[in-house]
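Visitor:
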Amino acid sequence: MNWQVVFKNLRKHGVMRMSTITNLMVQGNGSMIGEKSPNALRLEAEAREKRRLDEIAKYAPLKRIELVQDRLPDFPLDCLTDDFRRFAKDLAACKQAPVDAVGVSLLSMISLAEGGRFKVNPGKAAVYQKGVNLFTMTVMESGTGKSEIMNVLKKPVEDFVHDFNEKYKGKIDMDANWQNVLRDRVEKTKKQCVSGFGSGEGTEGIFGL
């Protein structure tokens, strides 16, 4: 059989094509002529990955945001008073927590304790006044000290609330009862006004004044 004629006919009809990558002729070391080396394959893979990244950067440039600590601004401890600044540093060192987390949490507790005592007056043209309130949010990974920080900072506030409620418990209960009585009388007066029965009567007797 003339193998040259057979191979020629196979190539002619497209059944068998010689490739520069997988040549059927074998070298003396057992590797095929034209077979790519591992380094060449690696370079090709890197080139394909680079083309893929270039296409992503061109048609889909939006990238994932990562909170890297080195890129975040430092908390301005100098803006705090001396006592608060020292307290924030000591608490951060004691709890092994970031000082900015302590600073933000400290500001939130100060706002909670003092925000209702002050009003912002924008001027004569203002329609209303607003209290000074600061709303903060601390985002940290689990186990990094958020609860430990807040437990220390909120304890003075919780102690004050507990002591105040215990000290004025009798007065608080009495005022709560009186508020319920007044609320019932107001509801009764509303119903009388709606039904018309209270059209000729004053409200002095209703409130006991």
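Under numbering that gives the first Met the number 0, think of the first position of the sequence shown as 0, with each following residue one higher. Beta carbons are placed, not taken as given, at the ideal position from N, Cα and C, and that holds for glycine.
Taking the continuous alpha helix (DSSP H) assigned at Leu111, which residues delimit it?
Guide: Per DSSP, Leu111 belongs to the alpha helix (DSSP H) from 98 to 113.
Visitor: Residue range of the alpha helix (DSSP H) that Ser146 falls in?
Guide: 145 to 166
Visitor: What first and last residue would you give for the alpha helix (DSSP H) that runs through Asn132?
Guide: Per DSSP, Asn132 belongs to no alpha helix (DSSP H) and is neither H nor E.
Visitor: Per DSSP, Lys209 forms a beta bridge with which residues?
Guide: Because the chain in this structure spans residues 0 to 208, residue 209 falls outside the shown range and cannot be described.
Visitor: For Gly115, which residues of its own chain have a beta-carbon under 7 Å away from its beta-carbon, when the five flanking residues on both sides are left out?
Guide: Gly130
Visitor: Would you tell me roughly how many angstroms separate the C-alpha atoms of Ala46 and Arg63, rounded to the nearest one?
Guide: 23 Å
Visitor: Taking only three categories from DSSP, how would you classify Gln26?
Guide: Residue confidence is low: Gln26 scores 44 on pLDDT, short of 50, so the model does not pin down where it sits. No coordinate-derived value is stated.
Visitor: Closest to Leu111 by C-alpha separation, out of Lys123, Glu140, Cys93, Pro155, would be which residue?
Guide: Of all alpha-carbon atoms in Lys123, Glu140, Cys93, Pro155, the one lying nearest the alpha-carbon of Leu111 is that of Pro155.
Visitor: Quick one: Cα of Arg51 to Cα of Asn38, how far?
Guide: 20 Å
Visitor: Does the contact criterion of 3 or more C-beta pairs under 8 Å hold for the region 117 to 136 versus the region 175 to 186?
Guide: no
Visitor: Please state whether DSSP places Ala46 in a helix, a strand or coil.
Guide: helix
Visitor: Helix or strand or just coil, what does DSSP make of Asp174?
Guide: helix
Visitor: With Asp82 as the anchor, note down where its alpha helix (DSSP H) starts and where it stops.
Guide: 81 to 94
Visitor: Does DSSP put Gly142 in a helix, in a strand, or in coil?
Guide: coil
Visitor: Out of Glu43, Gly102, Asn150, Ser141, which one is the CA nearest neighbour of Pro72?
Guide: Selected option, being the one with the closest Cα: Gly102.
Visitor: To the nearest angstrom, report how far apart Asp53 and Ser36 are at their CA atoms.
Guide: Spanning the two alpha carbons is a distance of roughly 26 Å.
Visitor: What distance in whole Å lies between the Cβ atoms of Lys94 and Gly142, which are believed to be in contact at a cut-off of 8 Å?
Guide: Gly142 to Lys94, Cβ: 12 Å. No contact.
Visitor: Please classify Met31 as buried or exposed, where buried requires at least 16 other C-beta atoms within 10 Å of its C-beta.
Guide: With a pLDDT of 49 at Met31, under the threshold of 50, the modelled position of this residue cannot be trusted; read the value that follows with caution. Met31 comes out exposed.
Visitor: Does the Cβ of Val119 lie closer than 7 Å to at least one heavy atom of the ligand FAD?
Guide: The model depicted lacks the ligand FAD and carries no ligand whatsoever.
Visitor: Do Ala87 and Glu147 come within 8 Å of each other at the CB atom, strictly closer than that value?
Guide: no
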